[in-house]
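> Quick one: the structure is below, and I'll ask about it shortly.
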Amino acid sequence: MNEKKCRSLGIASIVCAGVSLVIFGALLDIVGFVLGMLAFRGAKGLLAANPTDPYAQNAFKLARIGVVLSLVAFIANMLTAVFLMPQLMQGSMGVSGATF
């Protein structure tokens with residue numbers, strides 16, 4: 076994998092993490108994490124081949140940031156779901172039939 080593809084995947088991972096906090100939640104976090112891991116593995120190989128290449132170092136940093144942000148967003152989405160579930164379940168109990 077080349078530097079440009081690793082950078083693009085890393086940036087896509089960061090964007091997925093940010094957008095997932097607003098819409099699509101944990102599903103988009105998983106996509107962002109997978110993209111970040113692909114970029115991380117590719118950038119790690121590039122960095123091992125040429126440790127002084129600034130483009131490989133930049134791609135590695137972006138991939139690492141993408142993976143971390145995806146995990147943080149996933150945890151935030153899961154905590155939101157856990158804390159809102161009792162409220163949602165309480166609101167749906169006792170409802171029988173259509174209420175207009």
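Under the numbering used here, the sequence shown has 131 at position 56, and the numbering climbs by one with no breaks.
Note that the Cβ used here is the ideal one computed from N, Cα and C, for glycine as well.
Where does leucine 146 fall in DSSP's three states?
One-based indexing of the sequence shown puts residue 146 at position 71. Three-state result, leucine 146: helix.
> Under 8 Å, do leucine 103 and valine 94 count as touching if we go by C-beta distance?
In the sequence shown, the residue the question calls residue 103 occupies position 28. In the sequence shown, the residue the question calls residue 94 occupies position 19. In contact: leucine 103 and valine 94 (Cβ atoms closer than 8 Å).
> Between the region 137-153 and the region 112-127, do three or more beta carbon pairs fall short of 8 Å?
Yes, the region 137-153 is in contact with the region 112-127.
> Does isoleucine 89 pass the burial test, meaning 16 or more other C-beta atoms within 10 Å, or should it be called exposed?
Looking up residue 89 in the sequence shown gives position 14. Flag for isoleucine 89 reads buried.
> Measure the alpha-carbon distance for glutamine 132 versus valine 147 and round it to whole angstroms.
The count along the sequence shown starts at 1 and reaches residue 132 at position 57. The count along the sequence shown starts at 1 and reaches residue 147 at position 72. Rounded to whole angstroms, glutamine 132 to valine 147 spans 23 Å at the Cα level.
> At the level of alpha carbons, what is the spacing between leucine 154 and leucine 96?
Locating residue 154 in the sequence shown gives position 79, where the first residue counts as 1. Locating residue 96 in the sequence shown gives position 21, where the first residue counts as 1. Leucine 154 and leucine 96: Cα-Cα distance of roughly 12 Å.
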